[in-house]
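Numbering (the UniProt record's numbering), first residue to last: 1 to 389.
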């Protein structure tokens, strides 16, 4: 049986976004072709108090500081306060899309092309639940990585491949599927305004659609809410349920922890833990970021200081690179030269180069690997490790 391959890309324009396979979208149209026989269309429409006292005090200070930048594009001038962040990076958000990857496994096992598409489409819908949180993930440092193991046999690696503009690339694979994603973040913040573009229709959370055959005739009805569950039922050419069939649930959201201050799921917490870390974790891994770690523990002052320190070190690296005429080259991904046009500008595509698979095979087969205390590793994504800040 051929392996199921899914590819997509993410791009953010402020907080308003619409594109295929994008978990940021509020309205999405998905068309996927399987053996030129069937495609699926899915049309989709579209937190709680946290350390109140500290946030109230720090918020006033931040806004007073930012008043002098009123009317200017201050994206590159102002360090965003940590109170708007969640203790997770964009690289980890890519891995969070794999929570319900068993749906892709099921799709690959299906002989029926319509059921195969139904499972693949259900997975595409499932990723939206991971992106309902309002906290901002940390922008990764150039060269930062995230590895995930011990989840459905998936090998996962993501890497920050560019800093201006921020771009991340990710790759996931197991015996049933491969998944590749390139993420490009574009933001603009003016000192006296904040633009919000809600895209979509009424009926929040609802998802309704069909799996069609090559003649555009519906074969399977799909319905549900991306915040709860998805179900399917065979249908006739008019889209009506077939007699003698019933609606069957294909996927439902796992119950989240009660009263979680960041609205994390159990899987999101696993991504931050070392339970999902492979042997000999790379020192550039997001789990090791001191600002992320401090924010997770609720220490906003330390998180802010560590974040500023990392950003200043990154600026020092950039200056050193420019002085030496060096270029940054990603380790696990290669730029393809392919440009994908989008309504928000061109997106440069990166592809997985296979070197991480080779690296993991060597590490996992070694009996001499010193697992040690992985939490004692110092975060090190740097191109110039000995560079003084």
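We put the beta carbon where it would ideally sit given N, CA and C, even for glycine. Keep in mind that this is a model prediction, so the values were computed, not measured.
Range of the contiguous alpha helix (DSSP H) that encloses residue i
| i | result |
| --- | --- |
| residue 103 | 102-109 |
| residue 167 | Element bounds for residue 167: not the alpha helix (DSSP H) but the beta strand (DSSP E), 167-173. |
| residue 155 | Unbroken run through residue 155 is the beta strand (DSSP E), 155-162; no alpha helix (DSSP H). |
| residue 267 | 266-272 |
| residue 317 | 300-324 |
| residue 115 | 113-126 |
| residue 98 | Unbroken run through residue 98: none, as it is neither H nor E. |
| residue 356 | 355-365 |
Best match in the options for proximity to residue i [C-alpha to C-alpha]
| i | options | result |
| --- | --- | --- |
| residue 162 | 182, 111 and 154 | 182 |
| residue 385 | 348, 347, 320 and 334 | 320 |
| residue 291 | 303, 282, 351 and 243 | 303 |
| residue 148 | 263, 133, 173 and 235 | 173 |
| residue 205 | 127, 315 and 269 | 127 |
| residue 270 | 83, 60, 81 and 88 | 88 |
| residue 90 | 249, 218, 305 and 146 | 146 |
| residue 375 | 365, 288 and 307 | 288 |
| residue 241 | 179, 210 and 168 | 210 |
| residue 169 | 383, 360 and 348 | 348 |
| residue 342 | 121, 94 and 185 | 185 |
| residue 212 | 354, 336 and 237 | 237 |
| residue 229 | 125, 142, 361 and 295 | 125 |
| residue 380 | 83, 92, 123 and 317 | 317 |
| residue 208 | 360, 225 and 324 | 225 |
| residue 362 | 387, 330 and 280 | 280 |
| residue 246 | 223, 252, 328 and 253 | 223 |
| residue 94 | 167, 142 and 83 | 167 |
| residue 84 | 295, 216 and 219 | 295 |
Classification of residue i by the beta-carbon crowding that lies within 10 angstroms, buried from 16 upward
| i | result |
| --- | --- |
| residue 100 | buried |
| residue 257 | exposed |
| residue 139 | buried |
| residue 310 | buried |
| residue 109 | exposed |
| residue 38 | For residue 38, the predicted structure reports a pLDDT of 36, less than 50, and the residue's modelled location is therefore unreliable. The matter cannot be settled from this model. |
| residue 180 | buried |
| residue 339 | exposed |
| residue 276 | buried |
| residue 298 | exposed |
| residue 33 | Confidence at residue 33 is low in this model, with a pLDDT of 33, below 50, so its placement is unreliable and no value can be given for it. |
| residue 259 | exposed |
| residue 137 | buried |
| residue 44 | The predicted position of residue 44 is uncertain, since its pLDDT is 36 and thus under 50; no value can be drawn from it. |
| residue 112 | exposed |
| residue 248 | exposed |
Distance CB(residue i)-CB(residue j) smaller than 9 Å
| i | j | result |
| --- | --- | --- |
| residue 459 | residue 176 | The requested residue 459 does not occur in the structure, where the chain is confined to residues 1 to 389. |
| residue 334 | residue 356 | no |
| residue 244 | residue 221 | no |
| residue 378 | residue 283 | yes |
| residue 264 | residue 144 | no |
| residue 132 | residue 227 | yes |
| residue 119 | residue 106 | yes |
| residue 458 | residue 262 | This structure leaves residue 458 out entirely; the chain is present only between 1 and 389. |
| residue 234 | residue 364 | no |
| residue 382 | residue 313 | yes |
| residue 155 | residue 123 | no |
| residue 98 | residue 152 | yes |
| residue 92 | residue 286 | yes |
| residue 129 | residue 250 | no |
Segment limits, beta strand (DSSP E) that includes residue i
| i | result |
| --- | --- |
| residue 436 | The first residue shown for the chain is 1 and the last is 389, placing residue 436 beyond what the model contains. |
| residue 136 | 136-138 |
| residue 290 | That residue, residue 290, is in no beta strand (DSSP E); its alpha helix (DSSP H) goes 290-296. |
| residue 212 | 206-213 |
Query raised in the report: Whole alpha helix (DSSP H) runs in the region 236-263 with 4 or more residues, listed along the chain?
Result: Fully enclosed alpha helix (DSSP H) runs of 4 or longer: not present.
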